[in-house]
Every structure is written in C-alpha cells, then in structure tokens.
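A.B. asks: If you read the sequence shown in my numbering, its first letter stands for residue 1374, the second for the next number, and so on.
No residue lacks a Cβ here, since even glycine has one placed at the ideal position from N, Cα and C.
What follows is a single structure, and I will ask about it in a moment.
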Amino acid sequence: MSENVTYDCIDINKQPGLNHPLLKTHKIQMKPSVSRPELKMRTDKNEASNKKEIGCPHGTVPILRSTKEFITNSQMFAEKHFHLLSADSPGTHIAGVKSSSGPFRGVKAYFNGYKLNVGKDQVSYGQIYVGSGSGNQVNYISAGWIINPGLYGDQRVWTFGFWKGKDGKGCYNTACSGFVQVSKVVPIVQPNDLKPGVPGFLYYSIHQDKNTGNWWITKFLRGAPSVDIGYWPKELFNLFNSGANMAGVGGVVQASRSGSSPPMGNGNFPIGDRHNSAIFTNIEVLNSNYEQRNMNSFPVDYLVDSEKCYGLRVGTKRFFYKYPLGFYFNYGGPGGNSCGV
1374 MSENVTYDCI
1384 DINKQPGLNH
1394 PLLKTHKIQM
1404 KPSVSRPELK
1414 MRTDKNEASN
1424 KKEIGCPHGT
1434 VPILRSTKEF
1444 ITNSQMFAEK
1454 HFHLLSADSP
1464 GTHIAGVKSS
1474 SGPFRGVKAY
1484 FNGYKLNVGK
1494 DQVSYGQIYV
1504 GSGSGNQVNY
1514 ISAGWIINPG
1524 LYGDQRVWTF
1534 GFWKGKDGKG
1544 CYNTACSGFV
1554 QVSKVVPIVQ
1564 PNDLKPGVPG
1574 FLYYSIHQDK
1584 NTGNWWITKF
1594 LRGAPSVDIG
1604 YWPKELFNLF
1614 NSGANMAGVG
1624 GVVQASRSGS
1634 SPPMGNGNFP
1644 IGDRHNSAIF
1654 TNIEVLNSNY
1664 EQRNMNSFPV
1674 DYLVDSEKCY
1684 GLRVGTKRFF
1694 YKYPLGFYFN
1704 YGGPGGNSCG
1714 V
C-alpha cells in the first residue's frame, strides 16, 4: 500500500463488512442505544486523525481502497495477531495491564502513539481489548494504533480494529467482512503522519450495546462530540453473550525473523518524568451492569514479559493540571536483539 491512500464512499448497506455469511439477515444499527459519556479531560492538539476527516455523503461510509495483495497480507497478519487467550507466541512481547474479573461490557482508555523505527518484518502497537475464551475457542476485539510496515508499506502510525470470532479467524479493519462502518467521517483504519518524538493521541472505547449486543468502537474528540465509528455485530461471536471475561490495555511488539524486537511506546523505558515515555491514562471498564469503573477497581494483572527490553510503571499522581488521570501507567522500551523468546 502506498503513502497516498484512497477511501471510497460506499453505500452503507452495500459495504463489504455485511458480506459475512453470519450477517445475511443483519440489520444495521445506526447508533448505540445509549451514548457513551462525553470526553471530560484534556485532549492533545495532536489527537490522532482529528484533521483527517473523510466526509462521505449521507448514506455512504469511507472504506479503505485495498488491493488483493493487501487483503491477503491483512489476513496473514491477522492470523498472527497476538492476544492473551492464545498460546505463547515466539518473538511477541507485551507490557500492559488486564483484568480477568469479568464479565465486562467494555473498556476505555486515553493513550498516545509515536513514530518509531520499525522494520518491515516487525510490528509495534498499542491497544485496548476485550476477550473471552473457552477451550480452543476465542472471542476477541481490540483497537488502537499500529506500526506494521509489512502490511501498510510504511512506518506511519495507523489506527486499527481487530476481531476474532466464532469462525476461528481474525480480521483487521475492513479488509474482510464483519466490521460494520457507520461513521461517514472517521474510518476504522487511517494513517497518521507524526513527527519523531511528537505523540498523537487516541481516546477509544469498545463497549457492548445494552439492547443489541453489538460491540461498538467510539472515538472521543477534542472540543467536539464523540464519534461512533462502527461496530462488530453480535452474530460474529459466541462467547460474548454476557459480556467479555477479560479486558485490558497495553503495548505489544512482534520481533523480526532474525529475533530483533522493535521499540514499544516511544522507545523509552518508563523512568523519570511521566512525559518521558508512552502512557495509557483514564483506563476504565464497564462492569456487568454497564457501570463505568476504573479498571483497578477489579483485581488486575501487570504484564511485562521482557524487562530487559520493556517496562511498565503505574502512576500515582491524580491530576494533570485540573484533569483527572484516573488509573494510568507509563510503558515501553527500546527493544533489541536479546529480548528473549
């Protein structure tokens, strides 16, 4: 895929996401039954995608134009997409937090992404996610930012959404059927041209609709109403009927075939001032009753599997100026050639 990406404005009722065999009788939900609370904290002027609205005509939605090669590569990378319900994945390293004290109806966080030097056969991303597992079956949804030169053909920071459902396959964005794009302005996948050392910010929510059971992704914007980007229909999943057993946030990297691991976060260990490294703030979940709670209101696991290359530090300061930080942590690291398996 080249730097100059193209979006086609597709009739919302004819978008590729609806071609999934499990969605033959699906009726599009145009907005969540209950809107998420609006953004009540500072957001940054470099908020990801806030200057890149697509603006499709009414009744159409923006779908990234893709080649057959890109779709094939998307499916290949989706099969390798790491989640904490899978067996250990060689070359994959994580730094984040999760709670397995569900059921959870959603997860939300404010987090930043940076331009990094990531090789063509390496991947680095930050995400929020929900998941459930039973035996060999996995239901999983994640969203965030990703640097994947092997897929996108560049080192830009891209927004992404990923799901794995009862058919056993994974899928990114709109590269295959399943995700239903609803916003005519903000697509699920979009590149962000960040300058080195200057972060872009996302404030994302994944939550299950109380009435329909669909899983919505909502983006909160600076000085503007939130945007409900779209959703993953309930028909795609068989383990999410009562919510997700697990919710979490954090960074993930995948090493090259030679074993060299890319940087995570902004490439710095979480030491010194909290502005020195990448950060997740205001990490919240929706409990079984759809009540919003800090994630650390539940038992949480702190996950760092290669302390030589990456780190995590939970924050203690309650406010940034007048804006609450909630439950938050700094994370990241430089990677390298000896991060372990």
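Taking only three categories from DSSP, how would you classify P1389?
C.D. replies: helix
A.B. asks: If you follow the beta strand (DSSP E) that G1479 is part of, which residue opens it and which one closes it?
C.D. replies: From DSSP, the beta strand (DSSP E) with G1479 extends over G1479 to G1486.
A.B. asks: For R1691, which of G1684, L1659, N1667 and G1709 has the nearest alpha-carbon?
C.D. replies: N1667
A.B. asks: Please go through the stretch 1508 to 1555 and give each complete alpha helix (DSSP H) segment of 4 or more residues, from N-terminal end onward.
C.D. replies: 1522 to 1525
A.B. asks: Mapping DSSP to helix, strand and coil, what is A1617?
C.D. replies: Here A1617 sits in strand by DSSP.
A.B. asks: May I ask which residues mark the beginning and end of the beta strand (DSSP E) holding I1444?
C.D. replies: Element bounds for I1444: not the beta strand (DSSP E) but the alpha helix (DSSP H), K1441 to K1453.
A.B. asks: I'd like the list of long-range same chain contacts for G1708, defined as Cβ closer than 6 Å, with 5 residues on each side in sequence excluded.
C.D. replies: S1634, P1635, P1636 and C1682
A.B. asks: For the 8 Å Cβ check, are there 3 or more pairs between the stretch 1617 to 1629 and the stretch 1481 to 1495?
C.D. replies: yes
A.B. asks: Let me confirm a value: G1684 is counted as buried when at least 16 other C-beta atoms fall within 10 Å, else exposed. Which label applies?
C.D. replies: buried
A.B. asks: Between Y1704 and I1514, what straight-line distance do the alpha-carbon atoms span, to the nearest angstrom?
C.D. replies: 22 Å
A.B. asks: Runs of 3 residues minimum, wholly inside the stretch 1627 to 1658: which ones carry the beta strand (DSSP E) assignment?
C.D. replies: As far as the stretch 1627 to 1658 is concerned, it has no whole beta strand (DSSP E) run of at least 3 residues.
A.B. asks: Does the beta-carbon of Q1563, which I'm using as the reference point, lie nearer than 7 Å to any heavy atom of the ligand SAH?
C.D. replies: Among the components of this structure there are no ligands whatsoever, and the ligand SAH is therefore not found.
A.B. asks: If distances are taken between C-alpha atoms only, which option among V1496, M1403, T1433 and E1426 comes closest to D1384?
C.D. replies: T1433
A.B. asks: So, V1559 versus K1592, is the Cβ gap smaller than 8 Å?
C.D. replies: yes
A.B. asks: To which residues of the same chain is L1698 closer than 7 Å at the C-beta, ignoring the five residues directly before and after it?
C.D. replies: T1654, N1655, G1688, K1690, R1691 and F1692
A.B. asks: Quick test of your reading: G1551 and H1393, contact by CB under 8 Å. State the CB separation rounded to the nearest angstrom.
C.D. replies: 5 Å
A.B. asks: Only counting the same chain, and skipping five residues up and downstream in sequence, which positions put a Cβ closer than 8 Å to that of I1401?
C.D. replies: Excluding sequence neighbours, I1401 sits near I1385, N1386, L1391, V1553 and V1555.
A.B. asks: If I follow the unbroken beta strand (DSSP E) through Y1604, where does it start and stop?
C.D. replies: A1597 to W1605 is the span of the beta strand (DSSP E), which, as asked, contains Y1604.
A.B. asks: Quick one: give me the first and last residue of the beta strand (DSSP E) that F1610 is part of.
C.D. replies: First-last for F1610: undefined, no H or E at that position.
A.B. asks: Roughly how many angstroms lie between the CA atoms of S1711 and S1629, to the nearest whole one?
C.D. replies: 12 Å
A.B. asks: With DSSP as the reference, label S1670 as helix, strand or coil.
C.D. replies: helix
A.B. asks: Within this structure, are the beta carbons of S1661 and G1713 separated by less than 8 Å?
C.D. replies: no
A.B. asks: Quick one: using the 10 Å Cβ neighbour count with 16 as the cut-off for buried, is I1644 buried or exposed?
C.D. replies: exposed
A.B. asks: When the Cα of N1639 is compared with those of T1440, N1669 and G1499, which residue comes out closest?
C.D. replies: Considering only alpha carbons, the answer is G1499.
A.B. asks: Could you give the distance in angstroms between the alpha-carbon of N1446 and the alpha-carbon of K1397?
C.D. replies: 26 Å
A.B. asks: Between Y1502 and H1456, is the Cβ-Cβ spacing less than 8 Å?
C.D. replies: yes
A.B. asks: On a Cα-Cα basis, can you pick out the residue from P1430, F1477, G1475 and D1646 that is closest to D1715?
C.D. replies: Since the first residue of the chain shown is 1374 and the last is 1714, residue 1715 is not available in this structure.
A.B. asks: For D1381, which beta-bridge partners are listed by DSSP?
C.D. replies: I1436
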